[in-house]
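Data block below; observations after.
Numbering (the numbering used here), first residue to last: 1 to 233.
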């Protein structure tokens with residue numbers, strides 16, 4: 001609330017949107033917002049494509065490896081952003097130098113950073129399913145493993161996948177260190193840059209960002225409750 005009061009008021013003027021509007025006087029502001037939204041979508045899609053089939057396969061075929069994968073998924077929490085960027089930068093320079101200067105080079109890094117939370121969100125949903133029974137029943141009806149995954153398993157993972165997606169989006173909207181180290185101009189970098197010259201505008205913008213994040217988290221809870229009520233019926 002302090003950020004809202006500071007950001008949406010000026011001495012002697014009371015409530016005003018002027019600080020927020022002036023924050024977007026920066027000519028790169030709109031492109032920073034658009035690029036960040038595109039990165040959020042790309043990160044979420046790549047995360048789902050990589051994690052969902054992998055977690056389903058591990059829980060179905062190799063529960064022991066699933067426990068190892070769950071342990072490895074927390075490693076991004078203890079790896080500093082500087083070390084992560086340094087290692088990945090060397091890999092990009094050796095394999096695809098031109099990719100390093102593209103904003104899309106952030107997507108694999110964002111997936112790694114989001115991995116601990118997103119892995120657990122999807123894994124919790126997968127463990128709640130009786131995968132062996134699902135695949136056996138579908139196979140007895142002539143369905144292939146791919147058909148079972150898309151037509152039987154994924155519909156039962158909607159809440160888990162949505163939770164992971166919202167967590168991924170929230171992370172992308174707030175990740176500053178990696179984008180700054182790779183010299184990419186994203187929304188968090190824009191906020192830090194403009195905060196030096198327009199602290200009130202950035203306070204207002206930060207407050208709106210917090211509200212959006214809260215709304216995403218509330219959506220996870222609401223959708224989970226709706227899905228639970230639907231299953232009980």
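Glycine included, each C-beta is placed from N, C-alpha and C at the ideal position. Just so it is clear, the structure is predicted and the values come from calculations on it, not from any experiment.
In this chain, the alpha helix (DSSP H) harbouring residue 94 covers 81 to 95. Apart from the 5 residues on each side of it in sequence, residue 188 sits with its Cβ closer than 7 Å to the Cβ of 174, 175, 176 and 179 in its chain, given in chain order.
Around the beta-carbon of residue 190, 16 or more other beta-carbon atoms lie within 10 Å, marking it buried. Here residue 109 is near residue 84, since their CB atoms are less than 8 Å apart.
In terms of Cβ geometry, residue 152 and residue 55 do not form a close pair [threshold 8 Å]. One thing to note: residue 123 has its Cβ within 8 Å of the Cβ of residue 70. The criterion of a C-beta distance shorter than 8 Å is not satisfied by residue 118 and residue 217.
About 43 Å separates the CB atoms of residue 23 and residue 156; that is not less than 8 Å, and the two are not in contact. The three-state secondary structure of residue 15, taken from DSSP, is strand. By the Cβ criterion, the segment 130 to 138 is not in contact with the segment 203 to 219, since fewer than three pairs of Cβ atoms, one from each stretch, lie closer than 8 Å.
Residue 62 carries a coil assignment under DSSP once its states are collapsed to helix, strand and coil. Proximity of the segment 26 to 45 to the segment 88 to 108 meets the contact definition, three or more beta-carbon pairs being nearer than 8 Å.
In this structure, the straight-line span from the alpha carbon of residue 31 to that of residue 163 is close to 27 Å.
Inter-residue distance for residue 182 and residue 159 is about 34 Å (C-alpha atoms, whole angstroms). The criterion of a C-beta distance shorter than 8 Å is satisfied by residue 58 and residue 65. Cβ-Cβ separation between residue 169 and residue 29: approximately 20 Å, too far for a contact (criterion under 8 Å).
Residue range 158 to 174 is occupied by the alpha helix (DSSP H) that includes residue 158.
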